[in-house]
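Working notes, beginning with the structure itself.
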Amino acid sequence: MALRQIRLDSDELLRKRSREVIEINSNILTLIDDMIETMHNADGVGLAAPQVGILKRIIVVDVGEGPIVLINPQLLEGFGEQTGSEGCLSVPGVFGEVKRPQTVVVSGLNPQGETIKIEAKDLLARAFCHEIDHLDGILFTDKVIRYMEDE
Ligand code: NI
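The working numbering applies: residue 1 is where the sequence shown begins, and numbers increase by one.
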């Protein structure tokens, strides 16, 4: 495993749409391992492949219950609404309030290539929404209602 460099929001690559993963080969599995290590090393709760310069539809999230990997993730449903503070490893030092669904249902492939479906709420729901947005070139700063003065 290796740490990968996290791209900052000045990098236009973060504004591009990522492509579906067609085959989960050894390169993809190495990328996933590196993404988890990079996320943990940076104390983040989520990371999307474009943030390490790879325009593929892969996200990892960890809200303290262990890493969850989703390949070709889809946001199937969202219920309710929550407003809370959000940040991003690609936008260091910036925090703002963003509205997200309270509960989401997401699906995707796990690293074994099996389809998984997860119902998530609160912070985990927020993390999934934030990371899936990255795959479509959307940053949380596009959605901030109010910026925080301090962390
Ligand atoms: Ni982010």
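Beta carbons: idealized from backbone N, C-alpha and C, even for Gly. Since this is a predicted model, take the numbers as computed values, not measurements.
**Request:** Would you be able to state if there are at least three C-beta pairs under 8 Å between the segment 77-93 and the segment 55-69?
**Result:** As far as the Cβ criterion goes, the segment 55-69 does not touch the segment 77-93, which means the pair count is below three.
**Residues that I71 bridges to, as DSSP identifies them** = Residue mapping note: residue 71 aligns to position 71 of the sequence shown, counting from 1. Within the DSSP bridge table, the entry for I71 names I58, L109 as partners.
**Asked** Taking the continuous beta strand (DSSP E) assigned at I118, which residues delimit it?
**Response** In the sequence shown, the residue the question calls residue 118 occupies position 118. Counting along the chain, I118 sits inside the beta strand (DSSP E) bounded by residues 115-121.
**Prompt:** Which first and last residues belong to the beta strand (DSSP E) in which E86 is found?
**Reply:** If you number the sequence shown from 1, residue 86 lands on position 86. 82-86 is the span of the beta strand (DSSP E), which, as asked, contains E86.
**As assigned by DSSP and simplified to three states, the class of L139** = One-based indexing of the sequence shown puts residue 139 at position 139. Note: L139 maps to coil in three-state DSSP.
**Message:** Excluding the 5 residues flanking L89 on each side, which residues of the same chain have their C-beta closer than 7 Å to its C-beta?
**Reply:** Stepping through the sequence shown from its first residue, residue 89 is reached at position 89. When the five nearest sequence neighbours on each side are left out, the beta carbons in the same chain lying within less than 7 Å of the beta carbon of L89 are those of I6, A42, G44, L47, Q51, in order along the chain.
**Item:** N- and C-terminal bounds of the beta strand (DSSP E) containing E97
**Value:** Here residue 97 refers to the residue found at position 97 of the sequence shown. From DSSP, the beta strand (DSSP E) with E97 extends over 96-100.
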